[in-house]
Every structure is written in structure tokens, then in C-alpha cells.
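In what follows, a single structure is set out as C-alpha cells and then discussed.
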Amino acid sequence: MRDYNVELKNRIEFIQNLLKASGTNAIVYGNSGGKDSALVGILCKKACDNTLGVMMPCQSKRNFGEDMQDGEAVAKQFGIETVTVDLSSVKTAVCDNVNPVCTISDQALANIAPRLRMTTLYAIAQTRSALVAGTGNRSEAYMGYFTKWGDGAYDFNPIADLTVTEIYEFLKFLNAPENIIKKAPSAGLFEGQTDESEMGVTYKAIDDYILHGTGSEHDIKIIESAHKRSEHKRVPSVQYK
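Take the sequence shown: its letter number 20 is residue 19 in numbering that gives the first Met the number 0, and every next letter is one higher.
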């Protein structure tokens, strides 16, 4: 297990040095009410008082219910300024304008919300002369479980090297709200969606493979396939030379 006293100190220093080098003293991040955004919000607030969490519900009932409640609980406990931007009507407008051209696939439909959230965060951040903090973890990055040009877009990410197992350990160390730690991880992209059911493998299995190279033949096959299939998400766009 990591020494989270040291991790906290080092990550605060990392954020503060980055802000100084960037000539700004403001951070914006997406407060989804999930584990990753909770940890990012806490770290950013400890490093920079001018940290703004943006809750961006988009049609899903969970976005407007449990997720918002949990996001507000983290913000209240750690003194993080929070605003809400409802993207439901924006997503509807995008679909209404694209559907006459082509029928949007289920996967493409699910990825609209993360990309709208990225656009929203950057609009707010640029207006406030702030940096956008990413909220993706190492486990999801390895699986390619993020939206390209959506939640995969940010100026810096203070938790990119942490597995989901370590995210939970860090949150417990910081005494984060219990529901953040206990509830099933979900991007809230559609009703009933959970991360593990969508990936077809548990975070524990992913972390065991990443950290120790161990796991069942079934799980390893899923993990390696997902990693290979999503390689394009982890490398710069291919350009003609």
C-alpha cells in the first residue's frame, strides 16, 4: 500500500508547481459524484483554493439523483465551490440535428455527453483563466474505458497513475463520504449503467493484472483485448508526414 501522507504532499506540490508554471491560479474539474472526481476535487482544493467543481447532469436519472447528492456531499465536506450546468437539452439538440443525416448508434449516443462535458469545462475554464483537471484513473486508461475528446481531454491529471484500488484507499485516507466509496462505479451514461458490467470484468481483476500480471484466463483475455482495441485513445492522432 502507498504512503498516502506522502502521496498527498507530493500531489499537492505537483498541482501547485503546474499552476505556477502555467501562470494561473485556478482549476476547473467535472464533479460527477464519483470516486475519481471526488479525489481530484479534494486534491485540487487542497492545492488551490480557487477550485471550481462543475456538475453536468445529462438526461440520466442517476445524474440528477444519487450522483448530484454525492457530488454535493464531497463539495460541502471539503469546501469546494460547485455549480451545475444541465446538458440535457444540449444533447437533445445535437441528436435532433444529427439524426436526419444518420441514425446515431448506441455507442456514439453514449459518448455525446462526455464530449459535451469537455466543451463545457473548457468554456468555463478559459473564461476563468483556469486549467482543466482530468479525472481518469490508471485502470480505466489501460482498458480504454474513457471517451476520446471527452473525459480523456484535460490540461493535467493528478490521479492518472492510480489504480481504482488505490483510488479507494486514498479516499478512505482522506475520510471522503462513505457513499462515494461504497456505491458501484458508474459513468451515468444511461439508466442502469455500471462500469464493471459494461467492461465485462471487475476493477479488482484489472488491477491485479496491471500490478501483478495475474488473473484468470477469461479475465486476462478481456483485459488484453480491450487494451489492444483502445490503443488509439492513448497515443497522439496519426498525422501525415
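All residues carry an ideal CB built from backbone N, CA and C; glycine is no exception.
For residue i versus residue j, is the C-beta spacing smaller than 8 angstroms?
i, j, result
"Ile79", "Ala46", "no"
"Cys57", "Ser87", "yes"
"Asp35", "Gly143", "no"
"Asn49", "Ala74", "no"
"Val82", "Thr119", "no"
"Ala140", "Arg233", "yes"
By Cβ distance, which residues of its chain are closer than 6 angstroms to residue i, with the 5 residues on each side in sequence left out?
i, result
"Asn178", "Asp69"
"Leu51", "Val27, Glu80"
"Met117", "Gly149, Ala152"
"Phe77", "Ile41, Lys44"
"Ile221", "Gly199, Val200"
"Thr164", "Asp206"
"Gly133", "Tyr153, Asn156"
"Ser229", "Gly143"
"Val89", "Leu115"
"Ala72", "Pro176"
"Pro235", "none"
Go through its chain and collect everything with a Cβ distance to residue i's Cβ below 7 angstroms, but skip five positions before and after it.
i, result
"Asn110", "Thr146, Gly149"
"Leu38", "Ile158, Ile166, Phe169, Leu170"
"Gln121", "In the sequence on display, residue 121 carries Tyr and not Gln. Around Tyr121: Val131."
"Ser113", "Reading the sequence as shown, one finds Pro at residue 113 and not Ser. Within the same chain, Pro113 has close Cβ partners Thr146, Gly149, Asp150."
"Lys240", "none"
"Phe172", "Tyr3"
"Thr23", "Ser128, Ala129, Leu130"
Looking only at its own chain, which residues have a Cβ that is under 8 angstroms from the Cβ of residue i, when we skip the five neighbours before and after it?
i, result
"Val93", "Ile111, Leu115"
"Gln15", "Ala46, Cys47"
"Lys182", "Glu65, Asp69"
"Ile180", "Lys34, Tyr167, Leu170, Lys171"
Since residue i and residue j should fall inside the 8 angstroms C-beta cutoff, what is the C-beta to C-beta distance between them, to a whole number of angstroms?
i, j, result
"Thr162", "Arg137", "5 angstroms"
"Phe13", "Pro157", "6 angstroms"
"Leu210", "Leu130", "Their Cβ separation, rounded to whole angstroms, is 29 angstroms, which puts Leu210 and Leu130 out of contact at 8 angstroms."
"Asn30", "Met54", "5 angstroms"
"Gly33", "Pro184", "6 angstroms"
"Gly214", "Ala204", "5 angstroms"
"Ile219", "Tyr202", "So it is not a contact: roughly 15 angstroms between Cβ atoms."
Quick one: complete beta strand (DSSP E) runs, 3+ long, within the stretch 46-134? 50-54, 80-83
Would you call the stretch 97-105 and the stretch 194-206 touching, i.e. three or more CB-CB distances under 8 angstroms? no
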